[in-house]
Each structure stands twice: as C-alpha cells, then as structure tokens.
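Asks: Take a look at the following structure, please.
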Amino acid sequence: MATPVYLALSRPQHLSAITKLPACLRTFSVLNRPSPNYPGHVPLTHIERGALAIGSALWSYVDPTRGDLIAALGEATAQPYFITKLRDTMLSHPTGRRLLKDRPRITSKSLNVEYLRSLPENTVGRVYVGWLDREGVTPDTRSAVRYIDDPECAYVMQRYRECHDFYHALVGLPVIREGEVALKAFEFANLGIPMTGLSVFAVTTLKRKAFQRFWEVYGPWAVRNGVNSESVLNVYWEEELETDVQALRERLGIEMPPDLREIRRAEREKSKKEKERSASAGAS
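For the record, in the sequence shown the residue sitting at position 219 is 219 according to full-length UniProt numbering, with numbers rising by one throughout.
This is the structure in structure tokens:
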C-alpha cells in the first residue's frame, strides 16, 4: 500500500503545502493551528471558536445550570475584546494589579474550608462556606480555562470563574435556575462578560411566577447593583475572609436582594394550603 503523500512530507513541507491551499481550506487544517501558549491551552481557529460559541450558547440556554457549557461559552465569546477590557480594568485598580501579579487560585485546600467553618457567623468566610454547604457545592468544581489565547487573560477568566461562588454567597442567591439567571444579570451589568449577558436569555425558560419575579424584582436589582457597585473581580477574597460580610457589601455598594429560597418556600406553603382548602371544600 502506497504511503499517503501527507505522511511522506516533512513538517516544513507540510506547512509549505498548507500555505498554497486556499484560505478557506487552510482554516480547517490541524497543522495550521498555533502552538499552545500555556498548559491545557487549546488554540482555536475563527470558525472553531464560532462553532463553540453557537453550540454552547444553545445548550446552556436550555439548561443554564450546565457549568461546562457556560464555561465554554464564556471563553468562546470573551476573546478578543471583552476579556482584554476586563484585564485592563484589573490593571487600573491596585488590588486588581496585585491579583494579576500573585495569581492566587481558589480551591478547598487554598481556602482551608474547615477553618472557614470556625469563623464567626457574620464573616465573609463563614457566609461563603455556609453557602457552599447549603447548596451542596465545593470550590473545586470550576474547570480550567482552555480556549483563551493570552495567558494573563486566561487567568482573568479563571479568577472570575473561581470567584463566582463568592458572588453567590455575598448576595445569597441559590444555584437553582432562577438564582443563576439573576446572578448572571448582575455579573453582566458589573463585568460585561458576553456569556453572562447571553445566559440571561434563559429567563424565558422560567416558569410564569419566576419569570414575573425576575422582571419585577431580581432583574432591576441586578442592573442597579451591577452598574453602581465596584467591580467584584477586584476583590482579593482570600484577604477578606475574616471581614464582616455586611461591611464588605457596603464597601462594594451591593444591596442584598430578597431571599429567593424563602420566597419560593412561602409560595409552596401557600399553594399547599390552597390545595388542602380546595380538597376540604370538595369533600364537604
């Protein structure tokens, strides 16, 4: 069996042959792909990035709790403009510059979760770990950034991703679909990451009461607080663990939204009582 021509060519010959192909064909060649810029980096062509953005957007619209799809959507749509702008926002802030220099990571080991449980109830660390326990999540569930080309910008996205649960805890929103949509709206108003704005379209998949509640309560709260507060990406959370959580909210300019879980619990209780009354009336 004859050896295929592309196997008989050396890499320089490969590249020479590729440059002679039409641009539309060169785009699809794996040999035309740039080398990775950091461990785990997957360089994408423009067409691949577009396909990743469209596919992940469609599926995360159906299920906004799919963290893997939302992560892919975030990376595919943030480059080149938005993630660079976010990096520049950090560079313009003293704490942001320190974060980019130190590049801390948020994991259960780096935070010492057991220590956080020993802190006073009003501290950022205790509120954070209490939220983790209540929602059944850990700091180790955030996937590594793969599709952003610049290493520093990749860290910015990684930092945003790992801080997401701190934002949840700070404002008390749960990980249910309604809570995620509200927090994404806040993040979009505060950070301007396209994925967070696109994720807000998942509001159309909410049930009637939740949909109405978003437009009347949580949507306005998200826009008002996201626009008026300090950038939450410039918070060095590791240094705020013993800070009074309300003092941090006031420093950032963030108001607490109504307790979503309590609202939903009250609605369930009301619905249950109405059904019981209807059943009693029907029996009599």
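From the three backbone atoms N, C-alpha and C, an ideal C-beta is built for every residue, glycine too.
Does DSSP put residue 244 in a helix, a strand or coil?
Replies: The sequence position of residue 244 within the sequence shown is 244, counting from 1. Reduced to three states, the DSSP call for residue 244 is strand.
Asks: Would you mind stating whether residue 138 and residue 231 have Cβ atoms separated by less than 9 Å?
Replies: Your numbering for residue 138 matches position 138 in the sequence shown. Your numbering for residue 231 matches position 231 in the sequence shown. No, the Cβ-Cβ distance between residue 138 and residue 231 is not below 9 Å.
Asks: Ordered along the chain, which non-local residues of its own chain (more than five positions away) have a Cβ less than 7 Å from that of residue 8?
Replies: In the sequence shown, the residue the question calls residue 8 occupies position 8. Interpretation of residue 8 is limited by its pLDDT of 42, a score under 50 that renders its predicted location unreliable; no figure is taken from the coordinates.
Asks: I'd like to confirm the pairing. Which residues does DSSP put opposite residue 123 in its beta bridges?
Replies: Along the sequence shown, read from residue 1 onward, the residue named residue 123 stands at position 123. Paired residues: 244.
Asks: Would you decide whether residue 184 is buried or exposed? Buried here means 16 or more other CB atoms lie within 10 Å of its CB.
Replies: If you number the sequence shown from 1, residue 184 lands on position 184. Buried, since its Cβ has 16 or more Cβ neighbours within 10 Å.
Asks: Only counting the same chain, and skipping five residues up and downstream in sequence, which positions put a Cβ closer than 7 Å to that of residue 76?
Replies: Here residue 76 corresponds to residue number 76 of the sequence shown, with the count starting at 1. Correct list, in chain order: 49, 52, 53, 56, 147.
Asks: Helix, strand or coil for residue 21? Go by DSSP, reduced to three states.
Replies: For the purposes of this step, residue 21 is taken as residue 21 along the sequence shown, with counting starting at 1. Since pLDDT at residue 21 reaches only 43, below the 50 mark, its modelled position is unreliable, and the value read off the structure follows with that caveat. Here residue 21 sits in coil by DSSP.
Asks: Just how far apart, CA to CA, sit residue 186 and residue 158?
Replies: Counting from one through the sequence shown, the residue named residue 186 turns up at place 186. Counting from one through the sequence shown, the residue named residue 158 turns up at place 158. Near 18 Å, if we compare the C-alpha coordinates of residue 158 and residue 186.
Asks: Of all the options 197, 258, 100, 140, which has the alpha carbon lying nearest to the alpha carbon of residue 334?
Replies: This structure does not reach residue 334, given that the chain is present from 1 up to 284, and the question cannot be answered.
Asks: Tell me the DSSP secondary structure of residue 54 in three-state form.
Replies: Here residue 54 corresponds to residue number 54 of the sequence shown, with the count starting at 1. Helix.
Asks: Looking at the unbroken alpha helix (DSSP H) that takes in residue 39, where does it start and where does it end?
Replies: Along the sequence shown, read from residue 1 onward, the residue named residue 39 stands at position 39. Looking at the DSSP string, residue 39 is not in any alpha helix (DSSP H), and its letter there is neither H nor E.
Asks: Please classify residue 23 as buried or exposed, where buried requires at least 16 neighbouring CB atoms within 10 angstroms.
Replies: Reading the sequence shown from its first residue, position 23 is the one you call residue 23. Residue placement at residue 23 cannot be trusted, given a pLDDT of 48 that sits under 50; what the coordinates show is reported in the next sentence. Under this definition residue 23 is an exposed residue.
Asks: Which residues bound the alpha helix (DSSP H) around residue 166?
Replies: By one-based count along the sequence shown, residue 166 stands at place 166. Element bounds for residue 166: 151 to 171.
Asks: Determine the extent of the alpha helix (DSSP H) in which residue 103 is found, giving its start and end residues.
Replies: The residue labelled residue 103 in the question sits at position 103 within the sequence shown. Element bounds for residue 103: n/a, residue is neither H nor E.
Asks: I'd like the list of long-range same chain contacts for residue 98, defined as Cβ closer than 6 Å, with 5 residues on each side in sequence excluded.
Replies: Walking along the sequence shown from the start, residue 98 turns up at place 98. The answer is none, since no qualifying residue turns up.
Asks: By the three-class DSSP mapping on this structure, what secondary structure does residue 93 have?
Replies: In the sequence shown, the residue the question calls residue 93 occupies position 93. Residue state, collapsed to three classes: coil.
Asks: Considering only residues of the same chain and omitting the five flanking positions on each side of residue 85, which have a CB-CB separation below 8 Å?
Replies: Reading the sequence shown from its first residue, position 85 is the one you call residue 85. Within the same chain, residue 85 has close Cβ partners 192.
Asks: Can you give the Cα-Cα distance for residue 201 and residue 173, rounded to whole angstroms?
Replies: Taking the first residue of the sequence shown as 1, we reach residue 201 at position 201. Taking the first residue of the sequence shown as 1, we reach residue 173 at position 173. Spanning the two alpha carbons is a distance of roughly 18 Å.
Asks: What are the start and end residues of the alpha helix (DSSP H) that includes residue 68?
Replies: The sequence position of residue 68 within the sequence shown is 68, counting from 1. It spans 67 to 78 - the alpha helix (DSSP H) in which residue 68 sits, taken as one unbroken run.
Asks: Under 8 Å, with one C-beta from each stretch per pair, do the segment 241 to 248 and the segment 260 to 268 reach the 3-pair mark?
Replies: Short answer: they don't touch.
Asks: In three-state terms, what does DSSP make of residue 206?
Replies: In the sequence shown, residue 206 corresponds to position 206, counting from 1. DSSP places residue 206 in coil when its eight states are reduced to three.
Asks: With H, G and I counted as helix, E and B as strand and the rest as coil, what does DSSP make of residue 195?
Replies: Here residue 195 refers to the residue found at position 195 when the sequence shown is read from its first residue. Looking at residue 195 - three-state DSSP - the assignment turns out to be helix.
Asks: Over the uninterrupted alpha helix (DSSP H) stretch that includes residue 144, give me the two end residues.
Replies: Within the sequence shown, the letter at position 144 stands for residue 144. Note, residue 144: premise wrong, no alpha helix (DSSP H); not H, not E.
Asks: Would you check if the distance between the CB atom of residue 177 and the CB atom of residue 210 is smaller than 9 Å?
Replies: Residue 177 sits at position 177 when you count from the first residue of the sequence shown. Residue 210 sits at position 210 when you count from the first residue of the sequence shown. Yes, these two residues count as a Cβ contact at 9 Å.
Asks: Going by C-alpha distance, which of 74, 79, 78 is nearest residue 142?
Replies: As a first step, residue 142 is located in the sequence shown; it is residue number 142 there, counting from the start. It is 74.
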